[in-house]
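First residue of the sequence shown? That's 0 in numbering that gives the first Met the number 0, and the numbers climb one at a time after it. Scroll down for the structure; my scribbles are underneath it.
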Amino acid sequence: MSAPRLVVATGNAHKLGEFRQLLPGLPLASLADFPPMPEVIEDAPDFAGNAVLKARAAHAHTGEPCLADDSGIEVAALDWAPGVRSARYVEGSDRDRLEALLAATADATDRRARFTAVIAVAGLPDDAPLPPGAWRQDGCVCTRGVVEGELTRAPRGADGFGYDPIFALPDGRTTAELATDEKHAVSHRGRAARAIEPLLRQIFG
Ligand code: IMP
Numbered sequence: 000m001s002a003p004r005l006v007v008a009t010g011n012a013h014k015l016g017e018f019r020q021l022l023p024g025l026p027l028a029s030l031a032d033f034p035p036m037p038e039v040i041e042d043a044p045d046f047a048g049n050a051v052l053k054a055r056a057a058h059a060h061t062g063e064p065c066l067a068d069d070s071g072i073e074v075a076a077l078d079w080a081p082g083v084r085s086a087r088y089v090e091g092s093d094r095d096r097l098e099a100l101l102a103a104t105a106d107a108t109d110r111r112a113r114f115t116a117v118i119a120v121a122g123l124p125d126d127a128p129l130p131p132g133a134w135r136q137d138g139c140v141c142t143r144g145v146v147e148g149e150l151t152r153a154p155r156g157a158d159g160f161g162y163d164p165i166f167a168l169p170d171g172r173t174t175a176e177l178a179t180d181e182k183h184a185v186s187h188r189g190r191a192a193r194a195i196e197p198l199l200r201q202i203f204g
């Protein structure tokens, strides 16, 4: 029998690379190793629901354990929108979306914001022990990571992606001003990955 491996359910090479950095040494495979998978409609009302949809669809498609994540930014002044709609907040580029978010919050004095990520893994043994903070949902094991910060008034920093240039940490730096390792140490995705890591190492390590 071949050694167990974990398929990262994303067609996005950047995300796969990020998970390889966050979970070093684990046997991660790519969906690109399988026939093309039909697109998953991410219509759940929350991050966990969408992560579970993606993980389950990839597990059904590949027959192997699959990890998916869903993430986004939530802004206090917008009743914690755009949330699950972060990637589709407005059409166009990441830059268009962050400019739109700055415009929508131009008059807001409450600038609290947070990034959230939920990781869901489908296809694990039913009796897999849950690490602290993890939960089961629709046949998946899930973990969540959150990082709190504030929206800046203008973009700063050249690294990262998405809304990183307008998301400032308590020390004042935006997440686009952090080196990759520093970002992983504090980021929502890093926190969610570290929460599920002990279980993954037990099964795939
Ligand atoms: P998804 O998780 O691929 O559905 O996309 C989430 C969206 O949220 C991305 O397209 C980004 O716009 C935003 N986002 C998620 N995580 C980050 C991050 O670490 N930095 C900046 N933007 C992020």
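Beta carbons are placed, not taken as given, at the ideal position from N, Cα and C, and that holds for glycine. From a predicted model like this one, the values you see are computed outputs, not experimental measurements.
Query - Three-state secondary structure assigned by DSSP to ASP137 - result: As a working mapping, residue 137 is identified with position 138 in the sequence shown. If DSSP states are grouped into helix, strand and coil, ASP137 belongs with coil.
Query raised in the report: Got a sec: does ligand 1 put a non-hydrogen atom nearer than 7 Å to the Cβ of GLY161?
Result: Translated into the one-based positions of the sequence shown, residue 161 becomes position 162. It does: the Cβ of GLY161 is within 7 Å (strictly closer) of some heavy atom of ligand 1.
Query raised in the report: Span of the beta strand (DSSP E) holding THR115?
Result: Taking the first residue of the sequence shown as position 1, residue 115 is located at position 116. First-last of the beta strand (DSSP E) with THR115: 111-121.
Report task. Give the DSSP-derived three-state secondary structure of ALA103 in the structure shown. Result -> For the purposes of this step, residue 103 is identified with residue 104 of the sequence shown, where counting begins at 1. In this structure, ALA103 counts as helix in the three-state DSSP scheme.
Query raised in the report: Is it right to say GLU176 is buried, meaning 16 or more other beta carbons lie within 10 angstroms of its own, or is it exposed?
Result: Residue 176 sits at position 177 when you count from the first residue of the sequence shown. Label assigned to GLU176: buried.
Requested in this report: Let me know if THR104 comes out buried or exposed under the rule of 16 or more other beta-carbons within 10 Å of its beta-carbon.
Outcome: Stepping through the sequence shown from its first residue, residue 104 is reached at position 105. Counting Cβ neighbours within 10 Å, THR104 comes out buried, since at least 16 surround it.
Query - Local Cβ density within 10 Å of ARG96, reported as buried at 16 or more and exposed below that - result: Translated into positions along the sequence shown, residue 96 becomes position 97. ARG96 comes out buried.
Requested in this report: Report yes if the C-beta of ILE72 is less than 7 Å from at least one heavy atom of ligand 1; otherwise report no.
Outcome: Within the sequence shown, numbered from 1, the residue matching residue 72 stands at position 73. The answer is yes for ILE72.
Query - Beta-ladder partner(s) of THR29, from DSSP - result: If you number the sequence shown from 1, residue 29 lands on position 30. Here residue 29 is Ser; the residue named in the question, Thr, does not match the sequence. Paired residue(s): VAL7.
Requested in this report: Locate the beta strand (DSSP E) running through GLU73, then write down its first and last residues.
Outcome: The residue labelled residue 73 in the question sits at position 74 within the sequence shown. Per DSSP, the continuous beta strand (DSSP E) segment holding GLU73 begins and ends at 65-74.
Query raised in the report: From GLY62, THR173 and ARG152, pick the residue whose C-alpha is nearest to that of GLY122; which is it?
Result: For the purposes of this step, residue 122 is identified with residue 123 of the sequence shown, where counting begins at 1. Considering only alpha carbons, the answer is GLY62.
Query raised in the report: Does the beta carbon of VAL68 fall short of 7 Å from some heavy atom of ligand 1?
Result: Start at 1 with the first residue of the sequence shown, and residue 68 comes out as number 69. The question names Val, but residue 68 is Asp in the sequence shown. It does: the Cβ of ASP68 is within 7 Å (strictly closer) of some heavy atom of ligand 1.
Requested in this report: Look at PRO164 and ARG155 and say whether their C-beta atoms are less than 8 Å apart.
Outcome: Translated into the one-based positions of the sequence shown, residue 164 becomes position 165. Translated into the one-based positions of the sequence shown, residue 155 becomes position 156. In contact: PRO164 and ARG155 (Cβ atoms closer than 8 Å).
Query raised in the report: alpha helix (DSSP H) containing ALA184: first to last residue?
Result: Here residue 184 refers to the residue found at position 185 when the sequence shown is read from its first residue. In the DSSP assignment, ALA184 falls within the unbroken alpha helix (DSSP H) covering 179-185.
Query raised in the report: Nearest CA to the CA of VAL74: which residue from ILE202, VAL146, GLU196 and GLU181?
Result: Here residue 74 refers to the residue found at position 75 when the sequence shown is read from its first residue. Here the closest residue by C-alpha is VAL146.
Query raised in the report: Going by the beta-carbon positions, is the gap between PRO128 and ILE195 smaller than 8 Å?
Result: Working through the sequence shown from its first residue, we reach residue 128 at position 129. Working through the sequence shown from its first residue, we reach residue 195 at position 196. Going by C-beta atoms, PRO128 is not nearer than 8 Å to ILE195.
Query raised in the report: From ALA8 to ARG172, what distance separates their C-alpha atoms?
Result: Reading the sequence shown from its first residue, position 9 is the one you call residue 8. Reading the sequence shown from its first residue, position 173 is the one you call residue 172. Their backbone Cα atoms lie some 31 Å apart in a straight line.
Query raised in the report: Can you pull the DSSP bridge partners for ALA167?
Result: Taking the first residue of the sequence shown as position 1, residue 167 is located at position 168. According to DSSP, ALA167 bridges with GLU149 and THR173.
Query - Alpha-carbon spacing of ALA116 relative to GLY71, whole angstroms - result: Working through the sequence shown from its first residue, we reach residue 116 at position 117. Working through the sequence shown from its first residue, we reach residue 71 at position 72. Taking the straight line joining both Cα atoms gives about 7 Å.
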